[in-house]
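Mapped onto UniProt numbering, the consecutive letters of the sequence shown carry residue numbers 1 to 564.
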Amino acid sequence: GKGGVMEVVLPELPPNLELEKHVLDEKLLDYINLFIVRGGRDDIALPNGDTLLHTAILSENLFVVNALLENEPYLGQMNENGETYMHYAVITGNHNIVGRLVLAGVKNVDATSLRHGYTPYHLAKYQYDTKIIEYLEPHHNELIEKQFKEREKERAREREMTLKKEAERIAAYQKQQELEAEKKRAQKQEERRKRKGRGAGSDIVVGAPTNMTHLVHVDLDFRWSGDNPAVEFEFLSRLGSGAWGTVYKAVHKKSGYIMAIKSLPFDVNSEAAAKLRKEINVFKGCDHVNVVRYFGCYDYGEDSVWVIMEYCSGGSIYDRLKGINCEKKKFTEMEIAEILRSVLEGLAHMHERGFIHRDIKCGNILLDVNGVPKLADFGLTAHIGGGEEANQACGTPLFMAPEVVSGEEHDYSADVWSLGITCLELADGKPPWINDHLMRVMYKIVHGDPPNFRDASAWSTEFNDFLNSCLRKDPRKRPSCRELLNHPFIQMVPPVSTLEALAKKYQLERANAELLERSEDNKYMPHNLKKRTGEEPFVVKDSPFVESTKKEEEKKTPLTKKKK
1 GKGGVMEVVL
11 PELPPNLELE
21 KHVLDEKLLD
31 YINLFIVRGG
41 RDDIALPNGD
51 TLLHTAILSE
61 NLFVVNALLE
71 NEPYLGQMNE
81 NGETYMHYAV
91 ITGNHNIVGR
101 LVLAGVKNVD
111 ATSLRHGYTP
121 YHLAKYQYDT
131 KIIEYLEPHH
141 NELIEKQFKE
151 REKERARERE
161 MTLKKEAERI
171 AAYQKQQELE
181 AEKKRAQKQE
191 ERRKRKGRGA
201 GSDIVVGAPT
211 NMTHLVHVDL
221 DFRWSGDNPA
231 VEFEFLSRLG
241 SGAWGTVYKA
251 VHKKSGYIMA
261 IKSLPFDVNS
271 EAAAKLRKEI
281 NVFKGCDHVN
291 VVRYFGCYDY
301 GEDSVWVIME
311 YCSGGSIYDR
321 LKGINCEKKK
331 FTEMEIAEIL
341 RSVLEGLAHM
351 HERGFIHRDI
361 KCGNILLDVN
371 GVPKLADFGL
381 TAHIGGGEEA
391 NQACGTPLFM
401 APEVVSGEEH
411 DYSADVWSLG
421 ITCLELADGK
431 PPWINDHLMR
441 VMYKIVHGDP
451 PNFRDASAWS
461 TEFNDFLNSC
471 LRKDPRKRPS
481 CRELLNHPFI
491 QMVPPVSTLE
501 ALAKKYQLER
511 ANAELLERSE
521 DNKYMPHNLK
531 KRTGEEPFVV
541 KDSPFVESTK
551 KEEEKKTPLT
561 KKKK
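As structure tokens, this is what we get:
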């Protein structure tokens, strides 16, 4: 033939052979052998779609099977019923043919027949043929593993798409917030132009510091009346500073009372203008032993405003937590219960007056001189029923409730979730997910399970139940602050405070720091105010509210008589 290829011509087959029924006699097999030897093709289909290899396998002729396989046929060939060579081999139960096909590289052991719906592997299982199963199982497991990896890749792609969509949603939300803030800034500028004068008693529309030792809060509705605070106060030390201003410890010379003064930069375009207004509104609406108190505010100079508040000499719980961690200790369960009880009392008071705090965490819980915990920092507070919608995603992300992260409308139960995260911060030394990326944290809050203690067995059953009650994903199922005050864990609080020692220790540390600061020519004073000399000496006293605070705390739990 052309190109050196021999043309094979077979004699006509006997007319009585029924190839459709796969019946082969010796004479037909002789024809097939001769066909192969002379270089014929093996993929010519019979009337039912079977190839010669299909037919040879079904006839269990190993010689013909070997000859056809040596001719390197396409091993994935199927007939019209979707049956492969391996289907036929398993049906025959011939171990030698199955082994030969496996050796030749036939791996489609999971192809499904259109006729009966079985794969070769399932047929072997159905027939309980352990030898054939032994041949096919490695390839079956290989396919299962491959499918598993493909599914994992698909899930990873889905998770990535979900995170991407969440990031786009948050970016769009932030853009909307920026536009709204720009609109509000324009309105504030217009209001500012209409204001008449700037002195003591004028309205305050400036921002408040948010990233510092938060010594803030109020109960009285008045502004500072009297002389310039720079003259009336002696500044003792700087307590903290942040992007929006600085907080100082100062003593009122005439009375000798120690107070905290927050110095805020005056900028009519400041985004923090609304935050101070919110704080003042909370101060006016709340008067409680577990809420930091407010004494007034004063426009100082042309570029700052001072807010005068109660001084909490025990520092924040976060300050104490850092000190405890450095000493490789933890808060005891009774100390945690006492802190939570005071926070719940303050929150219940706020909630009953329509306020949501929205930023509960250890950094916003302060201790006074007697170790009484007090809530602080109300720049993110929302007022339910006060014309303000509580649907903004605000606060510290690690402490946000799922409904807050999602930007949904929320209520007082969002504070209960934040309190649960604060429980974990107190117990474990830091909040959950502290090392995760912000986007991953927000995804886990919304879509993951609620966090738990690192070692739940280290804490009592009551504490575990209290935590689970706070961290219910459905806000409707979370108990109120008043209900939590009756929880067995809170009822365990001893009558005698265990926090006063912590407050005293912080005061000692603060006093040592002040000695160092005062040796630097009073550089911490606002506007570089220098210490005045030649004045009458004065006696430093505690806040006038310290004794009343102590009495109110004693009312919560009757004190037991101390043993002699």
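For glycine and all other residues, C-beta sits at the position ideal for the given N, C-alpha and C.
Nothing here was measured: the structure is a model prediction, and the numbers come from that model.
Between the Cα of I490 and those of D474, S469, L508 and K505, spot the shortest distance and give me the residue it belongs to. With distances taken between Cα atoms, I490 lies closest to S469.
Rounded to whole angstroms, what's the CA-CA distance from A337 to H351? Just pull it up for me. Take the alpha-carbon of A337 and the one of H351: they are about 20 Å apart.
Buried or exposed for Y447, going by 16 or more other Cβ atoms inside 10 Å? Residue identity differs from the one stated: residue 447 is His in this sequence, not Tyr. Label assigned to H447: exposed.
Helix or strand or just coil, what does DSSP make of C297? Of the three classes helix, strand and coil, the one that applies to C297 here is strand, per DSSP.
Go to K262, then tell me how far its beta strand (DSSP E) extends in each direction, as first and last residue. K262 -> beta strand (DSSP E) spans I258 to P265.
Quick check for students: name the residue ranges of the alpha helix (DSSP H) that lie wholly in the segment 391 to 444, counting only runs of 4 or more. Within the segment 391 to 444, the complete alpha helix (DSSP H) runs of at least 4 residues are 402 to 405 and 413 to 428.
Any idea if residue 616 is buried or exposed, counting beta-carbon neighbours within 10 angstroms, 16 or more meaning buried? Nothing can be reported for residue 616, as the shown portion of the chain is limited to 1 through 564.
Could you give the first and the last residue of the continuous alpha helix (DSSP H) run that contains M350? E333 to E352 is the extent of the alpha helix (DSSP H) around M350.
Helix, strand or coil for K361? Go by DSSP, reduced to three states. Note: K361 maps to coil in three-state DSSP.
Residues near G323 by beta carbon distance below 6 Å, same chain, minus five either side: Around G323: no qualifying Cβ.
Determine the contact status of E425 and C362, defining contact as a CB-CB distance below 8 Å. Yes. Within cutoff.
So P450 and K473 are supposed to be a Cβ contact under 8 Å. How far apart are they, rounded? The C-beta distance from P450 to K473 rounds to 6 Å, short enough to meet the 8 Å contact threshold.
Option in D50, W433, E150 and A503 with minimal Cα separation from T396: Answer by Cα proximity: W433.
Can you tell me the Cα-Cα spacing of K131 and H95, whole angstroms? When rounded, the distance between both Cα atoms is 7 Å.
In three-state DSSP terms, what is R238? In the three-state scheme derived from DSSP, where H, G and I count as helix and E and B as strand, R238 is classed as strand.
Among F463, S413 and D129, nearest to G354 - alpha-carbon criterion: Checked all of F463, S413 and D129; the closest Cα to G354 is S413.
Helix, strand or coil at L366 [DSSP, three-state]: In the structure shown, L366 sits in a strand (DSSP, three-state: E or B).
Y85 and L101 closer than 8 Å at C-beta: With a cutoff of 8 Å on beta-carbon distance, Y85 and L101 are scored as near each other.
Please report the straight-line C-alpha distance between D411 and G346, rounded to a whole angstrom. In this structure, the CA atom of D411 is about 16 Å from the CA atom of G346.
Rounded to whole angstroms, what is the Cα-Cα separation between H54 and L143? In a straight line, the C-alpha of H54 is about 24 Å away from that of L143.
Answer yes if the segment 435 to 446 comes into contact with the segment 148 to 167, meaning at least three C-beta pairs across the two stretches below 8 Å, and no otherwise. The segment 148 to 167 is in contact with the segment 435 to 446.
Reference L75, options T92, G93, V98 and S342, closest by Cα: Checked all of T92, G93, V98 and S342; the closest Cα to L75 is V98.
Count the other C-beta atoms from every protein chain shown that fall within 10 angstroms of the C-beta of G420, then say buried if there are 16 or more, exposed otherwise. Answer is buried; the Cβ neighbour count reaches 16.
Do the segment 496 to 505 and the segment 312 to 323 make contact, defined as three or more Cβ pairs closer than 8 Å? These segments touch.
Helix, strand or coil: how does DSSP classify G199 here? With a pLDDT of 37 at G199, under the threshold of 50, the predicted position of this residue should be treated as unreliable, and no value is reported.
Out of H349, V231 and A376, which has the shortest C-alpha to C-alpha gap to E483? Answer by Cα proximity: H349.
With DSSP run on the structure shown, which of helix, strand or coil describes F453? F453: coil per DSSP, three-state reduction.
Residue nearest to F466 in terms of C-alpha spacing, selected from L340, G117, F63 and L236: Each of L340, G117, F63 and L236 was checked against the Cα of F466, and the nearest Cα belongs to L340.
May I ask you to list the residues that DSSP assigns as paired with M309? According to DSSP, residue pairing for M309 in a beta bridge involves A260 and Y294.
Apart from the five residues on each side of it in sequence, which residues of its chain come closer than 8 Å, Cβ to Cβ, to E535? Because E535 carries a pLDDT of 41, less than 50, the predicted location of this residue cannot be relied on, and the following value inherits that uncertainty. Closer than 8 Å at Cβ, skipping near neighbours: K253.
Kindly indicate which residue of G93, E80, F148 and Q147 has the alpha-carbon position closest to the one of R115. Measuring from the Cα of R115, the nearest candidate turns out to be E80.
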